[in-house]
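J.:
There are 2 protein chains.
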Amino acid sequence: MALLSPAFILVRPQMAENIGAAARGMLNFGLTDLRLVAPRDRWPSKKAITMAAKALDGPVKVKVFKTLAEAAADLNILYATTARHRDLEKSVLVPEQAARDAQARMKKKQKPGFVFGPERTGLENDEIALCQKLITIPVNPEFPSLNLAQAVLLIAYEINHQGHQAHQGKLNKNLGALGVLGGKKTTPAPQAKQEELMARLINELDKNQFFKSKNLKPTMTRNIRAMLIRAEWTDQEIRTFHGIISTLTDKKKAAPSDL
Amino acid sequence: MALLSPAFILVRPQMAENIGAAARGMLNFGLTDLRLVAPRDRWPSKKAITMAAKALDGPVKVKVFKTLAEAAADLNILYATTARHRDLEKSVLVPEQAARDAQARMKKKQKPGFVFGPERTGLENDEIALCQKLITIPVNPEFPSLNLAQAVLLIAYEINHQGHQAHQGKLNKNLGALGVLGGKKTTPAPQAKQEELMARLINELDKNQFFKSKNLKPTMTRNIRAMLIRAEWTDQEIRTFHGIISTLTDKKKAAPSDL
Chain V
1 MALLSPAFIL VRPQMAENIG AAARGMLNFG LTDLRLVAPR DRWPSKKAIT MAAKALDGPV
61 KVKVFKTLAE AAADLNILYA TTARHRDLEK SVLVPEQAAR DAQARMKKKQ KPGFVFGPER
121 TGLENDEIAL CQKLITIPVN PEFPSLNLAQ AVLLIAYEIN HQGHQAHQGK LNKNLGALGV
181 LGGKKTTPAP QAKQEELMAR LINELDKNQF FKSKNLKPTM TRNIRAMLIR AEWTDQEIRT
241 FHGIISTLTD KKKAAPSDL
Chain L
1001 MALLSPAFIL VRPQMAENIG AAARGMLNFG LTDLRLVAPR DRWPSKKAIT MAAKALDGPV
1061 KVKVFKTLAE AAADLNILYA TTARHRDLEK SVLVPEQAAR DAQARMKKKQ KPGFVFGPER
1121 TGLENDEIAL CQKLITIPVN PEFPSLNLAQ AVLLIAYEIN HQGHQAHQGK LNKNLGALGV
1181 LGGKKTTPAP QAKQEELMAR LINELDKNQF FKSKNLKPTM TRNIRAMLIR AEWTDQEIRT
1241 FHGIISTLTD KKKAAPSDL
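Chains as they are written, first to last, in the working numbering: chain V, 1 to 259; chain L, 1001 to 1259.
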């Protein structure tokens, strides 16, 4: 089984049973890092523990957070699972591609997170905007009724499966075709640092009347975030961009000293 | 979705709910030929129909048989799903391999069948003996508790997935050059526009003493360029970034009008 476990983040899950079933599906494929963002039902939950068939009795560790940003603070890359096509400039991967990409990153000590939305509504646009990549499970368009635990199960299965493939020496060959990995050995900055930068930039833009109307601001913000986080900046690059903002806004005192 | 459907055969299923959930999992991935061998509960079953969320209201066709041999009479090849390693001289495949093999056969007008045993006991040796190949889903050996409907879901997912792989570009119009699903069709801006933006940014930074020494400027410029062009911005995104620079440097007149 995998030595490292990517994090699975359930955002605002409605049913405790689904959390239990998700934990069980994760552990079936050796994954143990489960994070909950604002679950509707009280946590810990007896219903979840029963449904988990011992997966929640120790092997799967659960942490609860208030927001997706907090839950993802230490993660290097986020994959959002989404059924609908979104109008954002992000890669949309099938589970196999996402799992392969995540396995390659884990090999380089990066920690990925897979983000799942609430049962009925899915992730909100602002939550998806926090994620670098999208995953869509290619289901029958006339019968797309996958539930939360099933989506978790399929992604966990692919992560484990692609991990085995990688160990069989197939990884590099397959990656070559997809071109997922760059040549340079880089680790994207943790989400918390990416968020801090985005918040600062948006704030500066807002102060200077960049957003022409309140109606347009959410969409424009998401688009800016999408075009910037796509580059997967490192810690150093994040500092550089802080320096660029400081310079352009003429705040010399905040300019970085270690470029 | 697949034009042909392989048969899924549930042998002596115990719980009608599991039959319903299996039908649903099949239809999620476009499969519609379900066969039951000696189900314990009476068939048809209200519990199964409820659990199937409309999959059993027409799309998935169900036939009931007394023995596996009868259920499989018209099939060209049988894959038995089994958790344990069997002492039989048969190929043991992971789901991906089995699905790929089945897709190749369907292309040649062969009809494959996937055989699933009863919930607790699995298939009997005599039943396995009828099958040409075995499939084992590689689960965590310390927590192998996949249920019947989950096993059906994973196999159905792989059959559909390998079908897409096999017919890439024909079956699913959404599959792009990388096999990436959906998303927006993006074209990076021409190099000239990228260069124009870089030149403007570097010039603004230079005017405001961003580069602390002449020696460092070439390296810093290269690093900034690398971190920005990596995102492969579109024409629209290039305009957005021009707008960001204009706003931060407070040159409102140059702000783009078409964000």
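Glycine is no exception: its CB is placed at the ideal position from the N, C-alpha and C atoms.
1) Any Cβ of chain L within less than 8 Å of the Cβ of V/Q14?
2) Mapping the DSSP letters down to three states, classify V/S246 as helix, strand or coil.
3) CA-CA distance, V/A53 and V/R24?
4) Tell me which residues share the same chain as V/S5 and place their Cβ nearer than 7 Å to its Cβ, disregarding the 5 neighbours each side in the sequence.
5) Cutting at 6 Å between CB atoms, please list the residues of its own chain near L/M1198, excluding the five before and the five after it.
6) V/M227 touches chain L at which residues, Cβ-Cβ below 7 Å?
7) Decide if V/E142 is buried, meaning its Cβ has at least 16 other Cβ atoms within 10 Å, or exposed.
8) Can you name the residues that DSSP bridges to V/Y79?
9) Is the Cβ of V/R105 closer than 8 Å to any Cβ of chain L?
10) Pair every Cβ in the segment 229-246 of chain V with every Cβ in the segment 196-212 of chain V, then say whether three or more of these pairs are closer than 8 Å.
11) Leaving out five residues before and five after V/K61 in sequence, what residues of the same chain have Cβ atoms less than 8 Å from its Cβ?
12) With a threshold of 16 other CB atoms inside 10 Å of the CB of L/T1121, please say whether the residue is buried or exposed.
13) For L/S1145, return the contacting residues in chain V, with the cut-off set at a CB-CB distance below 8 Å.
14) Could you pull out every unbroken beta strand (DSSP E) segment of at least 3 residues lying fully inside the segment 3-39 of chain V, listed in chain order?
15) Is it true that the CB of L/I1009 sits closer than 8 Å to the CB of L/A1069?
16) Using three-state DSSP, classify V/V64 as helix, strand or coil.
17) Taking only the alpha-carbon atoms, compute the straight-line gap between L/R1105 and V/A149 and give it to the nearest angstrom.
18) Pick from L/D1206, L/D1101 and L/N1125: whose alpha carbon is nearest that of L/I1077?
19) Could you work out which residue in L/A1156, L/N1223, L/A1007 and L/E1196 is closest to L/D1074 when comparing CA atoms only?
20) Candidates V/L93, V/K66 and V/P59: which alpha carbon is nearest V/Y79's?
21) How is the alpha helix (DSSP H) around L/L1153 delimited, first residue to last?
22) Compute the Euclidean distance between the alpha carbons of V/A177 and L/F1116, then round it to the nearest angstrom.
T.: According to the structure data:
1) What you label residue 14 of chain V is simply residue 14 of the first sequence in a count that begins at 1. Taking Cβ atoms only, chain L never reaches closer than 8 Å to V/Q14, which makes this a no.
2) Indexing the first sequence from 1 puts residue 246 of chain V at position 246. Three-state result, V/S246: helix.
3) The residue given as residue 53 of chain V occupies position 53 in the first sequence. The residue given as residue 24 of chain V occupies position 24 in the first sequence. Those two C-alpha atoms are separated by around 7 Å.
4) Numbered from its first residue, the first sequence carries residue 5 of chain V at position 5. Within the same chain, V/S5 has close Cβ partners L31, T32 and D33.
5) Along the second sequence, one-based indexing puts residue 1198 of chain L at 198. Answer for L/M1198: R1225, listed in chain order.
6) Along the first sequence, read from residue 1 onward, the residue named residue 227 of chain V stands at position 227. Ordered by position in chain L, the residues that pass the 7 Å Cβ test against V/M227 are A1231, W1233, E1237 and T1240.
7) Within the first sequence, residue 142 of chain V is the residue found at index 142, counting from 1. By the 10 Å Cβ count, V/E142 comes out exposed.
8) Within the first sequence, residue 79 of chain V is the residue found at index 79, counting from 1. DSSP output for V/Y79 lists V/F114 and V/K133 as bridge partner(s).
9) On the first sequence, residue 105 of chain V is found 105 positions in, with the first residue counted as 1. False, the Cβ-Cβ gap to chain L never drops below 8 Å.
10) yes
11) Along the first sequence, read from residue 1 onward, the residue named residue 61 of chain V stands at position 61. Result list for V/K61: T32, D33 and L34, in chain order.
12) Taking the second sequence and counting its residues from 1, one reaches residue 1121 of chain L at position 121. Flag for L/T1121 reads exposed.
13) By 1-based counting over the second sequence, the position of residue 1145 of chain L is 145. Within chain V, the residues near L/S1145 are R24, N28 and A53.
14) 7-11 and 33-37
15) On the second sequence, position 69 is the one that residue 1069 of chain L refers to. On the second sequence, position 9 is the one that residue 1009 of chain L refers to. Not closer than 8 Å, so no.
16) Along the first sequence, one-based indexing puts residue 64 of chain V at 64. Three-state result, V/V64: strand.
17) By 1-based counting over the second sequence, the position of residue 1105 of chain L is 105. By 1-based counting over the first sequence, the position of residue 149 of chain V is 149. Distance between the alpha carbons of L/R1105 and V/A149: 32 Å.
18) Stepping through the second sequence from its first residue, residue 1077 of chain L is reached at position 77. Here the closest residue by C-alpha is L/D1101.
19) As a first step, residue 1074 of chain L must be located in the second sequence, where it is residue number 74. The shortest Cα separation from L/D1074 among L/A1156, L/N1223, L/A1007 and L/E1196 belongs to L/A1007.
20) Stepping through the first sequence from its first residue, residue 79 of chain V is reached at position 79. Cα-wise, what sits closest to V/Y79 is V/L93.
21) Taking the first residue of the second sequence as position 1, residue 1153 of chain L is located at position 153. Element bounds for L/L1153: L1148 to A1166.
22) Reading the first sequence from its first residue, position 177 is the one you call residue 177 of chain V. Reading the second sequence from its first residue, position 116 is the one you call residue 1116 of chain L. Below a pLDDT of 50, predicted positions are generally treated as unreliable, and V/A177, at 27, falls in that range; the measurement from the model is reported next regardless. In a straight line, the C-alpha of V/A177 is about 35 Å away from that of L/F1116.
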